[in-house]
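**Q** Structure incoming, see below.
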Amino acid sequence: MQAGYDYLLAPGRLKRGLSRYIGLALSLVGVLLLVGGGGYYLYATIARSQLDQMNVSLPSAVSVAPDPVPDKPSKVTDIPAPPEIVPPPGIPESAIAGQTVTHGESPLIDVWSDPLSYEPLDYRREVLLRGFTPIELGQAAPLGSLPAATRLILPEIGVDSSVTELAIRDLGDSRGYETPVNTVGHIPEVANPGEAGSSWFFAHLESPIVGEGSVFYNLTRIPDMLKNGQEVFVIAETGPRQYLYRITSTEVLQQDEMRLYNTGWASIHLVSCVPRLVYDYRLVVTGELVGVK
5 MQAGYDYLLA PGRLKRGLSR YIGLALSLVG VLLLVGGGGY YLYATIARSQ
55 LDQMNVSLPS AVSVAPDPVP DKPSKVTDIP APPEIVPPPG IPESAIAGQT
105 VTHGESPLID VWSDPLSYEP LDYRREVLLR GFTPIELGQA APLGSLPAAT
155 RLILPEIGVD SSVTELAIRD LGDSRGYETP VNTVGHIPEV ANPGEAGSSW
205 FFAHLESPIV GEGSVFYNLT RIPDMLKNGQ EVFVIAETGP RQYLYRITST
255 EVLQQDEMRL YNTGWASIHL VSCVPRLVYD YRLVVTGELV GVK
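Position one of the sequence shown corresponds to residue 5 (the numbering used here), numbered consecutively onward.
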């Protein structure tokens, strides 16, 4: 009789025990969320406080004035010739003839057309910067007269990416440009490389959730490079021609303050979201046209 009575009470005890465990689990989850949220808030605060260090400005070839287009463009300093390149040591024909490539050992097809892919960045930079003819800002082509960019190269930070024209998407109550996916995006309504206007290029610093690439992952290294006196160049390719830009400044803006503008002379602007894991500011890296090849 007593055993039957205990059996009738067992579900109630089990229910109370289960409720207790669920309550403890929810409390633990709540504590973890609070700790995680507090940690993220602290990280975001510290990261934002360090963004001012990315504001760097070097002397420009153009004097800044209310009207950004100078009456007489200044002469751009000649591009310094890279030091003499020492080619890699040659391989005897006998050694080459004795080599075999088996399944799984062949290099990626993507790099067959780019023999510099496996070279150190310094060597790659020296090769890429050779052959450019210095150009004055006043020699830039009129807006709308040159083809769009197809490739963007930043030798100092290892960026070599294709370029796509960003389309405008209808977002219902607003319109906006699409985001670049594993590539660099160019705003088609602005200047093309080599033209007398501002060319705007966008790419992700990183994209851990959406997975849209991290082409500009090393863009945040450029401010320190400029502070250390290192010259940083951008090569914008438009089919058979390449245009060389020298980076002159970096600036960080709050995302709501970000606006496209036209300097009035041949300039390039590279944009990505900062700081990492927060992404509510924009790093704008600006350069001026100095050469053509």
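Cβ coordinates follow ideal geometry from the N, Cα and C atoms, glycine included.
What is the C-beta distance between S271 and E241, in whole angstroms, given that I count them as a contact (C-beta under 8 angstroms)?
**A** Along the sequence shown, one-based indexing puts residue 271 at 267. Along the sequence shown, one-based indexing puts residue 241 at 237. Not a contact, Cβ separation roughly 17 angstroms.
**Q** Specify the secondary structure class of P244 as computed by DSSP and reduced to three states.
**A** In the sequence shown, residue 244 corresponds to position 240, counting from 1. The answer is coil: DSSP assigns P244 none of H, G, I, E or B.
**Q** Could you check the C-alpha separation between E123 and F205 for me, to the nearest Å?
**A** To locate residue 123, count along the sequence shown from 1; it is residue 119. To locate residue 205, count along the sequence shown from 1; it is residue 201. Going by the C-alpha atoms only, they are around 26 angstroms apart.
**Q** Measure from the alpha carbon of Y127 to the alpha carbon of each residue in E160, P212 and T137, then state which is nearest.
**A** Mapped onto the sequence shown, residue 127 falls at position 123. Closest by alpha carbon: E160.
**Q** Fully enclosed by the segment 181-254, which alpha helix (DSSP H) runs are 4 residues long or longer?
**A** Listed in chain order, the complete alpha helix (DSSP H) runs (minimum 4 residues) inside the segment 181-254 are 226-231.
**Q** In three-state DSSP terms, what is P74?
**A** Here residue 74 corresponds to residue number 70 of the sequence shown, with the count starting at 1. A caution first: P74 carries a pLDDT of 37, below 50, which makes its placement in the model unreliable, though a value can still be read off. Reduced to three states, the DSSP call for P74 is coil.
**Q** Helix, strand or coil for R286? Go by DSSP, reduced to three states.
**A** Within the sequence shown, numbered from 1, the residue matching residue 286 stands at position 282. R286 falls in the strand class under three-state DSSP.
**Q** In the DSSP assignment, what are the bridge partners of A145?
**A** Counting from 1 along the sequence shown, the entry for residue 145 is found at position 141. E199.
**Q** Looking only at DSSP bridge pairs, what is E169 linked to?
**A** For the purposes of this step, residue 169 is taken as residue 165 along the sequence shown, with counting starting at 1. Answer is H190.
**Q** Which residue wins for smallest C-alpha separation from Y265, given the options A171, G201 and Y221?
**A** Mapped onto the sequence shown, residue 265 falls at position 261. Measuring from the Cα of Y265, the nearest candidate turns out to be G201.
**Q** Helix, strand or coil for D177? Go by DSSP, reduced to three states.
**A** Residue numbering aside, residue 177 sits at position 173 when the sequence shown is read from its first letter. The answer is coil: DSSP assigns D177 none of H, G, I, E or B.
**Q** Go through its chain and collect everything with a Cβ distance to H208's Cβ below 6 angstroms, but skip five positions before and after it.
**A** On the sequence shown, position 204 is the one that residue 208 refers to. If we look at H208 and ignore the five residues flanking it on each side, its Cβ neighbours are E216, G217 and S218.
**Q** When we look at the beta-carbon of A29 and count the other beta-carbons within 10 Å, is it buried (16 or more) or exposed?
**A** Along the sequence shown, read from residue 1 onward, the residue named residue 29 stands at position 25. With fewer than 16 other Cβ atoms within 10 Å, it is exposed.
**Q** Using DSSP with H/G/I as helix, E/B as strand and the rest coil, what is L150?
**A** Locating residue 150 in the sequence shown gives position 146, where the first residue counts as 1. In the structure shown, L150 sits in coil (DSSP, three-state: anything other than H, G, I, E or B).
**Q** Mind checking which residues open and close the beta strand (DSSP E) that includes L274?
**A** On the sequence shown, position 270 is the one that residue 274 refers to. S271 to V278 is the span of the beta strand (DSSP E), which, as asked, contains L274.
**Q** Report yes or no: do three or more beta-carbon pairs, one from the segment 168-178 and one from the segment 249-257, lie closer than 8 angstroms?
**A** Not touching, per the Cβ criterion.
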